[in-house]
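Number of protein chains: 2
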Amino acid sequence: MWKVSPTRLEDMCTAILRAAGASGHDARLVADHLVDNDILGHHSHGVIRLWDYIEAAHRGELIPDAGARIVNETPTTAQVDGGWALGQVVATFATDLAIEKARTAGVSVVTVRRVKHIGRLGRYAEQVAGAGLVSMIFTNGGGHGINQAPFRGTERRLCSNPIAMSVPSGLAGPFLLDMATSVAAEGKVRVYRARGVPTPPGWILDSDGNPSTDPEDFAEGGALLPLGRAEGHKGYALAFMVELLAGVMSGGGISGDPARSFSNDSMIVVIDPELFVPMAELEERSSILTEHLKDTRLADESQPVLYPGEPEAEARLANRGSDIELPDPVRQQLVSMLRRFSLPEPD
Amino acid sequence: MWKVSPTRLEDMCTAILRAAGASGHDARLVADHLVDNDILGHHSHGVIRLWDYIEAAHRGELIPDAGARIVNETPTTAQVDGGWALGQVVATFATDLAIEKARTAGVSVVTVRRVKHIGRLGRYAEQVAGAGLVSMIFTNGGGHGINQAPFRGTERRLCSNPIAMSVPSGLAGPFLLDMATSVAAEGKVRVYRARGVPTPPGWILDSDGNPSTDPEDFAEGGALLPLGRAEGHKGYALAFMVELLAGVMSGGGISGDPARSFSNDSMIVVIDPELFVPMAELEERSSILTEHLKDTRLADESQPVLYPGEPEAEARLANRGSDIELPDPVRQQLVSMLRRFSLPEPD
C-alpha cells in the first residue's frame, strides 16, 4: 500500500488534469472530488478513476477544456449540454444552477446530457444539502455501462442507474441516500473479484443467465440483478424510471438508443424545505425520528441502526487529517500519467 | 365468492358514504377509487377498506364532510391541511393543485397532512400522467401503521412508507411505479395469512426479532423487513427519506412523533416533461427503451419482462365490463353498513 497526504494527492491529480488541458479551476475541482471519495473510503470513485478520464480525453471522448452550456431554461427548469467536458465540472455546474433556481422559485429541475463520468452522486446531493436544500438526483450511463438485467431477464440491458437524495440535518452530516438500483454497484463486484472471493448469492448471473457467485462470471458478460432479489421488480422499476428521467428527459442516451459514448445523463431536482417547514423544526423533528429509529432492539449488538449518510459523516470525521492508503497499482498509474506529461514524480 | 357489477358496487359504496355524511361528489369519488382498485385486482385497497373508513368516521377520527384547506402556497409549492377528511378526496385535491401549479410553473411540490387513508398511491400518479405530466409521490402513516423494522433493527419502527412515480407513455398505460419501501406491503402478508400459507423467507421477523415465515408471527407484533433483503440498507434509506419528505416536510406525523391518528401524510412532486422533451419524442424514445428491455433472454419463458405499470394497464383491459368477484365477508360488511344506515340491501 501507498500512504499519501490528501493535499499531495490532490496536487498530483490537479497537475495531471491541467496538463491534459483542463483549466486550473476545473482540474482542482475534479481532483478534490476524487480525493474526497478516497477520504470517505469510496475508493471505487477515487483517484483510481483518473486513468480512465485521461484515456477518454486521449481518445477524444472527453474534452477537458470544454464547458457546460444551458440549452434552454425557465425560472424553474434548465437543460444543460455538458459538451463532453469533465463530468464533475458539468454536474457541479448543473447542481449550482438547480440550487440557484430553487432559491428563487422554491423548486427546480435541471437535466444534463453529453457528460462524462460524474463520480459519486452523493457529492452533488451533499452540495445541495450544504445549501440548506433538499435534492433528488437520477443518473444513467447514456445507454453505456450496461451491466444490469431487467427483472425476469437474464442479460445486461440497463446501467446500474443510481439515485441520490439528501435532506439537511442538524447531525454530523446531511441525510443522504446514494444507491445503485441494481442489487449492488458494479464497483462492489470488482472488489470481490480483486480479492478473489465469491459474491453473495443473489447478486449476479453468468453470461448464460444462470445464478452465480463467481465475480469472474460477471466480468465475462454476466449481469447484475436488480435491487430486491426476489422482489427485484421494485429495483427494476426504479432503474426504469431513472432511464426515463435521466436519459429520455435530458435528451441524452438510453438503453436501446445510446449516446455517442458513456454519458452520466442526469436529472437534478431541488426543493427549498423552508417553504414547508422552518429549518429549526426540520432539524428538531428529523432528530426525533433518528433517535427513535436508533432506539431499536438490534439483530447484532455490534451493528447499530444508522441514519442514511451517517457512514459518510463518520468516515469524514475519522479520516480528517490522515494520510490516504492506496494500492500500489494506483500509485503506478499516477506515476505513469505524471511521466506522460513530463511532470515531477512523487518521492 | 360474490359477483357484482362495478356500477352496482360503486352505487352501494356511494350510498353508504353519503349516509355517513360525505357530499355526493366526495362519496362518488371515494367509491370510484375503491371499486377501481378491485377492478385492478388490488383488492387490499378495494371496497374491503370501506368498513375501516366508516368505523373511523364513527370514532370521530375521520370527518366525512370536512374538506382540505391550503395552509400556505407559492406559485410552485403548497401545504395542504386535509382536516381529517376522506383521504381520497384530500389526495385528489392536492394532486389537482400540484398539476395546476406544474402546468403554470413547470414544477411543483405539494405536501398534505391530517389526511386519512388515501388508498392506492398509483391512482394519483395515474392522475398526473393523465394530465401529461411526471410525478413522484411519497407517503407515510403519520407515525401510525408502524410495521417495518429499520435495517439492522428487529422491531417495528416505520410504516411501509410507499413511493409512486409516473411518466406518460404512448403505451396502453403510463409508466407507473407504486411500491412499499418494505420488502412487501402489509396487505400481502395478510393475504398469506388469510390463505394459511407461509410467507417467503426474508419478509418478516417475529415479535422476538427472529426471522419467520409464519404470517401469524407478523400479526402478533412481528415486523416487515426493508426492501432489499441482505441489501435492506437501501429499502431502509428510502423509507427514511419518505419520513422526512412526507412526514417532516408536510408538518405531519413521523415515527417517534405521531399525528393524532393514522394520517397518510404525503409529498407530491409534479414536473412538466415538455419543458425538456416534446411529448412525441418522450413517447417514441420510451417505447424504444421498453422494446429493448423486453427483447431480453428470459429466466422463465412464461414470465416476460414488463414495463412498470404494465400489470395495471393489462388488468384494466382484461377486466373492463366484467363483474367483480369479492369474498363473502366483504359482502356481509357492505350489508351490515347498508343496514346501519337503513339503506336498501343488495339482492
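Here the protein sequences come in this chain order: A and B.
Counting along the first sequence from 1, when you hit position 200 you're at 200 in the working numbering, and nothing is skipped either side.
Counting along the second sequence from 1, when you hit position 50 you're at 50 in the working numbering, and nothing is skipped either side.
For glycine and all other residues, C-beta sits at the position ideal for the given N, C-alpha and C.
If you're wondering where the values come from, they're calculated on a predicted model, not measured in any experiment.
(message) Looking at the secondary structure, which residues open and close the alpha helix (DSSP H) in which E186/B lies?
(response) E186 to R195
(request) Enumerate, from N- to C-terminal direction, the unbroken beta strand (DSSP E) stretches of 3 or more residues contained entirely within the segment 264-294 of chain B. (result) The segment 264-294 of chain B contains these whole beta strand (DSSP E) runs: 266-271.
(request) Could you name each continuous beta strand (DSSP E) segment of 3 residues or more that falls completely within the segment 49-92 of chain B, going from the start of the chain to the end? (result) 69-73 and 77-81
(request) Closer than 8 Å, Cβ to Cβ, to anything on chain B: give me those residues from the segment 186-215 of chain A, in chain order. (result) P200, G202 and G209
(message) For chain A, check one thing: does any of its Cβ atoms lie closer than 8 Å to the Cβ of R18/B?
(response) no
(message) By the three-class DSSP mapping on this structure, what secondary structure does D178/A have?
(response) D178/A: strand per DSSP, three-state reduction.
(message) So that I know if they touch, is there some Cβ in chain A lying closer than 8 Å to that of R103/B?
(response) Not an interface residue.
(request) Could you list which residues in chain A have their beta carbon closer than 7 Å to that of V112/B, in chain order? (result) Per Cβ cutoff of 7 Å: no residues; V112/B is ~11 Å from chain A at best.
(message) Please state whether the Cβ-Cβ distance between T154/B and A299/A is less than 8 Å.
(response) yes
(message) Give me the chain A residues within the contact set of R152/B, using Cβ-Cβ distance strictly less than 9 Å, ordered along the chain.
(response) T296, L298, A299, D300, Q303, P304, V305 and L306
(request) Take A31/A and list the residues in its own chain whose beta-carbon comes closer than 7 Å to its own, dropping the five residues that flank it on each side. (result) E10, C13, T14 and L17
(request) Give the DSSP bridge partners of Q148/B, in chain order. (result) Beta-bridge pairing links Q148/B to L158/B and L224/B.
(request) Could you pull out every residue in the same chain whose Cβ sits closer than 7 Å to the Cβ of G132/B, ignoring the five residues on either side in sequence? (result) P168 and M279
(message) With DSSP as the reference, identify every bridge partner of K3/B, one or two as the case may be.
(response) For K3/B, the pairing in a beta bridge is given by DSSP as E325/B.
(request) Using the DSSP secondary-structure output, state which residues sit across from I163/A in a beta bridge. (result) F138/A and M179/A, per the DSSP bridge assignment.
(request) Determine whether the Cβ of F276/B lies closer than 8 Å to any Cβ atom of chain A. (result) yes
(message) Checking 8 Å against the spacing of the C-beta atoms, do S182/A and Q148/A come in under that value?
(response) yes
(message) Distance check for I324/A and D36/A, CA to CA, integer angstroms please.
(response) 10 Å
(request) Taking only beta-carbon positions, decide if L62/A is within less than 8 Å of chain B. (result) It does not: the Cβ of L62/A has no partner Cβ on chain B nearer than 8 Å.
(request) Can you say whether G251/A is buried or exposed, counting buried as having 16 or more other CB atoms within 10 angstroms of its CB? (result) buried
(message) Closest to M249/A by C-alpha separation, out of S23/A, E281/A, G60/A and T139/A, would be which residue?
(response) T139/A
(request) Compute the beta-carbon to beta-carbon distance between L176/A and A246/A, rounded to the nearest angstrom, for a pair I have assumed lies under 8 Å. (result) Not confirmed; about 19 Å, so no contact.
(message) Starting from R352/A, trace the alpha helix (DSSP H) in both directions and tell me its first and last residue.
(response) Here chain A has residues from 1 to 347 only, and residue 352/A is not among them.
(message) Rounding to the nearest angstrom, what Cα-Cα distance links Q332/B and V71/B in this structure?
(response) Between Q332/B and V71/B, the C-alpha separation is close to 40 Å.
(message) Which same chain residues end up closer than 7 Å to I54/A when comparing Cβ atoms and leaving out the 5 residues on each side of it in sequence?
(response) Contacts found: I16, A20 and M337.
(message) On the DSSP bridge list, what partners appear for V110/B?
(response) In DSSP, V110/B forms a bridge with A78/B and I268/B.
(message) So that I know if they touch, is there some Cβ in chain B lying closer than 8 Å to that of V167/A?
(response) yes
(message) So with CB distances below 9 Å, who are the chain A contacts of D257/B?
(response) R285, I288, L289 and H292
(message) Between S5/A and chain B, is any beta-carbon pair separated by less than 8 Å?
(response) no
(request) Determine the direct distance from the alpha carbon of P311/B to that of G173/B, and round the result to whole angstroms. (result) 9 Å
(message) Here's a check: name, in chain order, each residue in its chain whose Cβ is nearer than 6 Å to the Cβ of T77/A, leaving out the five neighbours to either side.
(response) V109
(message) With the cut-off set at 8 Å, would you say D206/B and V115/B are in Cβ contact?
(response) no
(request) Kindly examine the ligand SAM and report whether one of its heavy atoms sits closer than 7 Å to the Cβ of D26/A. (result) Absent from the structure shown: the ligand SAM. Ligands present: none.
(request) Take S261/A and list the residues in its own chain whose beta-carbon comes closer than 7 Å to its own, dropping the five residues that flank it on each side. (result) E61 and H144
(message) Mapping the DSSP letters down to three states, classify I336/B as helix, strand or coil.
(response) It should be pointed out that residue 336/B corresponds to Ser in this sequence rather than to Ile. DSSP places S336/B in helix when its eight states are reduced to three.
(request) Could you tell me the distance, in whole angstroms, from the CA atom of A180/B to the CA atom of R339/B? (result) 36 Å
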